[in-house]
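Protein chains in written order, with this note's numbering: chain U, 432 to 768; chain F, 6 to 312; chain D, 76 to 508; chain P, 3 to 242. We put the beta carbon where it would ideally sit given N, CA and C, even for glycine. Since the model is a prediction, treat every value here as computed from it, not as a measurement. Remarks on the structure that follows.
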């Protein structure tokens, strides 16, 4: 076990059993019996089919775009949704990761996708360092101070990169990022499916971590009630440290993937911090699946609107109106309950 | 003891009002910037006292800016009247929007206010009447840009904000917002009409933000939706200043605004390249030293010395 | 008690601030020039370095009128209120004699009230938005170097017409413009629509979110462009959009006859990318111009010697020109008196590293508009070559834009494409000169 | 005279039925005790009547008015006030300011008047040194302060939700006296309690809840000998 958890040891089988699978399927099936869920499901399927006929590229590109959003939002969902730490320097860590991959490529010819693995380790250590220097002293005090701290850390990272590498935009020229496939006269890019794959890997990995390991369970407990978790013997500081470092490691490792396709510059991260923040809120705090679903819906909707020529300039409004709508709807649901 | 306070305030006010006699145009311009951010930070803090975290500062700031621009361009309002229009527009819109949005709490409220600001921006950017993405230029800025007069207007706005904040701290609104922030169920059970107070406070603080936005347009003479008028800077900087200065107080955001603005400007003049790096480090160190903000630190010092 | 200490702290903070901010004014021995540039931006960095270079050169020759020149550059941080404060500092604290610099139109808008208030001679490098021009109507102290947006548009039309004349196979009946959704992009498209109406060709446009603003996915725009099947595709955006735009165009297999981009600068290492081959662009200057222009070579060499670097944006030579024009005028006027300097500036005739010889004329609105013109350039084998105007041409145009599937991994296949340039046109070229 | 009357009040949380068909009447100037094992719906009943939750079905009448759909603060204005099971002081305010919140918003007094009345309440409940912050107060004082905050709204009906929890024997005694003192001023009180001794000492009538239903009702003596109640409590503190 990674973390000494004291007396807290939930009795759990760490392997997925067949029976678990059955109960999972059963719980999914039982949802279909609810009328609303069924209607919603049918509408979504119908919408997907309609879109696929009307504009097949929306399906592929929307999926890819959503996957990128979800990918970047997941580490924040882990940190903010599970253990309630706001890290406004989220996007900046990704930016640093992308610069790391860039210079690994320029200096040593390392492929950015390979650079994900060293980035994962380095950023885990970096996360520990940043946690010990900064966030450790803030957590549990005034929660809003985290906003200022994150903003300051983000500024230091962005400006540090500016000092080291200037703020000229950089982009690796990689042949494979513009690879494409053609099906029946319809050409679409294939590289960005990397984002889809990475999202699935991270999502499943995090779910398993949270549900099937003692440490993950402890993290959930800390998120729900830090004081209670302390009482039952969980080492809360350790959990914070671990989750923080894990989140930084993940977002740092996403950096190289991001940098393959997008131009990087010191200010590239902050927009994605905001996007992730929004997705975590829309998806529901604490729900990783919700975040991915929110990314899927918002990304698809955005792509769909953009794909129509006249309304493209209103895409932002639809995006933000959807966000407000979702959050209001969810809050309404909560009240009804 | 009590009179001391008033005396000091009076002296400060006199010094502030007569400042143009002693200092040049550039320090006055800096004072204007400080007053702009101070009013924004303080108004944000006033809403935060109810526990509602708003990211919509830039939205209402921009809304007020556009209101000023449109009323003075199309209806020929004089500058002060157009500032009123800005405050009223922002306040009204906030009250209307607040009816649905103020049921939300915490991060959900924060994100929705942020999204609202973005919606205002996109509307301003896509309409013909607001000048589209290129924005608009004001024919004549207020008082023809006379440094002393504009400073007095800004000072009036700053003092007004401080007075509103003090009123909020001295009257029942203080009790309402503190109880809502601490425990909504207790507040409601004690008879606080939470929603009413939230709408009032949201409208008032948004009106202040709109007013400052209007003044910004009157000072610099233009609106431009993407980079300036709805800039995320007007969200991040006030929040940063209020947090560093100390929350839930009148003087915390004021101190934060003065300190951070002065530090930013002096750093810029001393280190032309990379001053933001130092600025970021100061922020991080500042919040690590004073986790409760500078005001929190001062209060703690007093408690220790009193005991 | 509490309030007392607090007041003391507040006053202490304030006094410290004044101490920091109020830099004491020095005796007015040197001629002072104040510059406003966004130092964190590539354009501002090139610009400020070039200004420093110009001032150094002037001072090395003994200054102007026997006085040294002092350059004071302040970062406008691309923030309107900071820029306005910086202008006030230049005019009241540093007591500069002249104002130069300027990049973004949005920032310039915030400076207009201040500039009018102080009425100092302003030689302004940047700002293309014609709204600024309208606001400056009748201000005799305002000298503007960069062409206004509508002037640029008209000039491009002229250029394409000349290209068409020269290359028989050149076609530009349908055009698609992808523009970033900010003022820069949408302003360009607005102008383009008017020009297309006059020029009687078809134009369609669509906005995209620039990577600078958090965008970076251009595929829907590119698909629309592909459906429209234009002869010419132009994107108006920033350096951050450059390479992903090419990659995504390749991804969906979109290669129009001419592929034009007009960012203010290009990303680091764009020159090394094989995808850039054949991309056309609008710019005022390229380093290769040292082969055709002596002024350009002098500047380029001096810059390289001073900073061991090559300017990446045309704001380098533009800002260099900015200082040089002003210095010449002061010299000619023999004084720093405002009216005399304005008179002298009006007679400016300066062969600039940008290629053009700068003179000030009346524009549609303002009295003093320099005749600086953008050029058509093309990436060829990793170098920016000037295509048009013919007198600065450093290479011939590759036409049509080589299709993605017809080029190998390297740019070796391009050689054959070059033959598409009709040989007979070489004569016309000479006649023009 | 009946002051509070609930008819068929039911509350569901998703699939969980927390209250089902609860009919309770409270008469003016009496002390009613509500008892029941953990999770029997005592606190939910308070929350439904005092307005934190709206009932799924049923009707709540207060002083002859239908207040079923009213919000929390409206119910407070109508005259229902309450304390909480766990201590919930407003930590941003000091002792007297906490009480002033009730006086100002529950009854609409001005700041000055509220301070005066709150000071009186403090005296009445033996609270001293009223400008202390919450951090400098004992548990008993906080409990008393919360009662004062509820009283400051000048209610017709006061709910005391497990007001004795966490107090030692002496403190419990003091609290019982305090409740008596409040009752002697003519207040109608509903007391939700776990500690049987308190119920025995204070109440005139007891309602027993189990699984969200009313099990039985009557005087303490009658209820405590009821076989069903004894089974429900399984001998827990129930002494005949």
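Residue i and residue j closer than 8 Å at C-beta
| i | j | result |
| --- | --- | --- |
| residue 164 of chain P | residue 89 of chain P | no |
| residue 449 of chain D | residue 230 of chain D | yes |
| residue 200 of chain D | residue 122 of chain D | yes |
| residue 26 of chain D | residue 106 of chain D | Because chain D is modelled from 76 through 508, residue 26 of chain D falls outside the range shown and cannot be assessed. |
| residue 311 of chain D | residue 254 of chain D | yes |
| residue 287 of chain F | residue 268 of chain F | yes |
| residue 83 of chain P | residue 102 of chain P | no |
| residue 265 of chain F | residue 69 of chain F | no |
| residue 196 of chain F | residue 107 of chain P | yes |
| residue 610 of chain U | residue 597 of chain U | no |
| residue 309 of chain D | residue 250 of chain D | yes |
Beta carbon proximity, residue i to chain D, threshold 8 Å
| i | result |
| --- | --- |
| residue 238 of chain F | yes |
| residue 536 of chain U | no |
| residue 133 of chain F | no |
| residue 618 of chain U | yes |
Spatial distance of residue i from residue j (CA atoms)
| i | j | result |
| --- | --- | --- |
| residue 10 of chain F | residue 263 of chain F | 20 Å |
| residue 471 of chain U | residue 638 of chain U | 25 Å |
| residue 28 of chain P | residue 128 of chain P | 28 Å |
| residue 833 of chain U | residue 759 of chain U | Because chain U in this structure spans residues 432 to 768, residue 833 of chain U falls outside the shown range and cannot be described. |
| residue 366 of chain D | residue 466 of chain D | 12 Å |
| residue 404 of chain D | residue 526 of chain U | 47 Å |
| residue 57 of chain F | residue 115 of chain F | 8 Å |
| residue 494 of chain U | residue 184 of chain F | 46 Å |
| residue 360 of chain D | residue 111 of chain D | 21 Å |
Exposed unless 16 or more other CB atoms sit within 10 angstroms - verdict on residue i
| i | result |
| --- | --- |
| residue 347 of chain F | The displayed coordinates of chain F run from 6 to 312. Any statement about residue 347 of chain F would go beyond what the structure contains. |
| residue 613 of chain U | exposed |
| residue 221 of chain F | buried |
| residue 78 of chain P | buried |
| residue 3 of chain P | exposed |
| residue 397 of chain D | buried |
| residue 294 of chain F | exposed |
| residue 488 of chain U | buried |
Test: residue i CB closer than 8 Å to a CB of chain F
| i | result |
| --- | --- |
| residue 185 of chain D | yes |
| residue 557 of chain U | no |
| residue 118 of chain D | no |
| residue 177 of chain D | no |
| residue 156 of chain D | yes |
| residue 231 of chain P | no |
Below-8 Å beta-carbon distance, residue i vs any chain U residue
| i | result |
| --- | --- |
| residue 163 of chain D | no |
| residue 303 of chain F | no |
| residue 344 of chain D | yes |
| residue 309 of chain D | no |
| residue 322 of chain D | yes |
| residue 127 of chain F | yes |
| residue 381 of chain D | no |
Proximity test, Cβ basis, 8 Å: residue i and chain P
| i | result |
| --- | --- |
| residue 255 of chain F | no |
| residue 151 of chain F | no |
*Where the segment 597-614 of chain U meets chain D: residues whose CB sits under 9 Å from a CB there*: 597, 598, 599, 600, 601, 602, 603, 604, 605, 606, 608, 609, 610, 611 and 613
*Selection of the segment 194-224 of chain F by Cβ proximity to chain D, strictly under 8 Å*: 221 and 224
*Residues in the segment 17-31 of chain F having any Cβ partner in chain D nearer than 7 Å*: 29, 30 and 31
*Could you name the residues of the segment 92-111 of chain F whose beta carbon sits closer than 7 Å to any beta carbon of chain P, in the order they occur along the chain?*
none
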